[in-house]
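Structure first, then comments.
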Amino acid sequence: MSIHKQVLTFIHRPEPESFDRLAMDVFRHQFETVDAYRRYCVARGLEPDAVGRVDDIPAVSNVAFKYADLAGADAEQSPDAAVFLTSGTTQGRERRGRHVVARPEIYRASAIAHLRTMLFPDAPRMAILAMHPTADVMPESSLSAMISWSIEEFGTRRIFAAASRERVDGAAAIAFLVDCEARREPVCIMGTTAAFAALVSGLRTGNRKIRLAPGSRMMDTGGAKGQRVPMPASDVIAQAEDLLAIAPPMVINEYGMTELCSQLYDATSFNCAGVSNTQERYKIPPPWLRVTARDPVTLRPVADGAVGILTFFDLANVGSVSAVMTEDLGYVERGRVRVLGRAAGEARGCALGIGQFSATEAAEDTR
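Take a look at the structure:
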């Protein structure tokens, strides 16, 4: 069975006891097929024979996707390979991260499986309001792909896409929600936190409230990114309840990034047994995504519950690089993840990795 089929099988039927073995096989595959990653590993003296466990697999900074070609030979052999670009909101659109996904069906399987667990555990089909462009409008966006797949998998015929590349049509979105209210039809709102903030502004300006049917829910992502006045997570939950009558446990924040094919979601009483709605929220990764917090200088995993730089090993990234270190601080406790925010300044280890990629690419880019 090919490594891609092994990963797809694991996503469909997770076997936690097999994660480490499969992760090591994925690392060996990526070492052999991703030239830039192989050079990076060799430069650090961490070839496969020298790596004995998953935590020792060399992680690249998510910023490295802006400087190096981390596509594997898989992409050259796949006619269906997709190219996703980061938004460029941090360092400008002239330096955008590029993630080549050789097998989009693996990304789709990962996204849909965890969405089913965390946003649609009651397995309904329902009306969906997309407040982010869909894949036909923005094919380079991994979030657009995920929303379009969600519409196919979980939507009814009542679907409305309120966003273009340039703007979110707040008035049209409100009109769609008013119609759902009149029909007493549950609706799922999907989009960025910034788009939801714009919807809140429109409702406040019009001095109106919508009482959506029970079972309505919302997935927001991106946090403060793109907002002129950041809306904290607690306000998102409160405004969704006040203005749309969406119960707090049904407001689920997503943590994801273009450089990963898997996502994390808020745990609430709606999707996780035993979770209290009064406790501080944490996020749940799928079984094929391992999250560690690492010391920013040594890059070694820190103790359970200690704060560090969040690092991921995503089996669904099999066609590129699975070990990805972020710029976000957080901690992991019994497999649950708390994201605390962006690290102030570059972590030393991250900076070293970026520098190595930059130097390598500059030396070789002579064509």
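Our numbering puts the first residue of the sequence shown at 80, with every later residue one more than the last. Cβ coordinates follow ideal geometry from the N, Cα and C atoms, glycine included. The structure displayed is predicted, hence computed values, not measured ones.
The residue from Tyr119, Leu322, Ala190 with its alpha-carbon nearest to that of Trp367 is Ala190. Fully contained in the region 282–348 are the following alpha helix (DSSP H) runs of length 4 or more, in chain order: 312–323. In its chain, beyond the 5 residues on either side, Phe110 have a beta carbon closer than 6 angstroms to the beta carbon of Arg117. Counting the other Cβ atoms within 10 Å of the Cβ of Gly176 gives 16 or more, which makes it buried.
Sequence-distant partners of Tyr361 (beyond 5 residues in either direction) whose C-beta falls short of 7 angstroms from its own C-beta, in its chain, are Ala346, Arg415, Val416, Arg417. Between the region 316–329 and the region 348–365, the count of Cβ pairs shorter than 8 angstroms is three or higher; the stretches touch.
Residue environment for Thr272: buried (at least 16 other C-beta atoms within 10 angstroms of its C-beta). The residues Asn350, in chain order, have a CB closer than 7 angstroms to that of Thr196 in the same chain once the five nearest residues on each side in sequence are set aside. When DSSP reads this structure, Pro380 sits in a beta bridge with Arg373. Ala206 and Asn141 have their C-alpha atoms some 34 angstroms from each other. Setting aside the 5 residues that flank it on each side, Arg290 is surrounded in the same chain by Glu260, Ala324, each with a C-beta closer than 7 angstroms to its C-beta; the list follows chain order. In this structure, Ala372 keeps its C-beta atom at 8 angstroms or more from the C-beta atom of Val400. Contact between the region 242–251 and the region 275–289 is present: three or more C-beta pairs spanning the two stretches fall below 8 angstroms.
DSSP places Arg182 in no beta strand (DSSP E); its state is neither H nor E. DSSP, read as helix, strand or coil, puts Ser140 in strand. DSSP links Met404 through a beta bridge to Ser140, Thr390. Between the C-alpha atoms of Gly234 and Pro127 there is a straight-line separation of about 44 angstroms.
Between Gly420 and Val386 a beta carbon distance of about 11 angstroms is seen, past the 8 angstroms cut, so the two are scored as non-contacting.
For Ala240, the uninterrupted beta strand (DSSP E) run begins and ends at 234–240, by DSSP. Minimum Cα-Cα distance from Val180 among the listed residues Leu208, Ala150, Gln156 corresponds to Ala150. Taking C-beta separations shorter than 8 angstroms and ignoring five residues to either side along the sequence, the partners of Ala251 in its chain run Phe239, Ala241, following chain order. Annotation: the region 201–277 contains the following complete segments of the beta strand (DSSP E) (minimum length 3 residues), in chain order: 205–209, 234–240, 266–271. Residue pairing by DSSP puts Gly420 in a beta bridge opposite Leu408. Residues of the same chain with a CB within less than 7 angstroms of the CB of Ile226, apart from the 5 flanking positions on each side, are Ala209, His211, Thr213, Met269 in chain order.
For Phe391, the closest alpha carbon among the candidates Asp258, Pro365, Gln358 is that of Pro365.
Judged by beta-carbon spacing, Val130 lies within the 8 angstroms limit of Phe106, meaning their Cβ atoms are closer than that value. Boundaries of the beta strand (DSSP E) around Phe163: 161–164. For Phe199, the closest of Ser220, Asp159, Gly294 by C-alpha to C-alpha distance is Gly294. A Cβ-Cβ contact shorter than 8 angstroms links Ser341 with Asp393.
Annotation for Gln85: the continuous alpha helix (DSSP H) segment containing it runs 82–91. With distances taken between CA atoms, Gly398 lies nearest to Ile185 out of Thr405, Gly384, Ile185.
By the CB criterion at 8 angstroms, Asp104 and Ile82 fall inside the cutoff.
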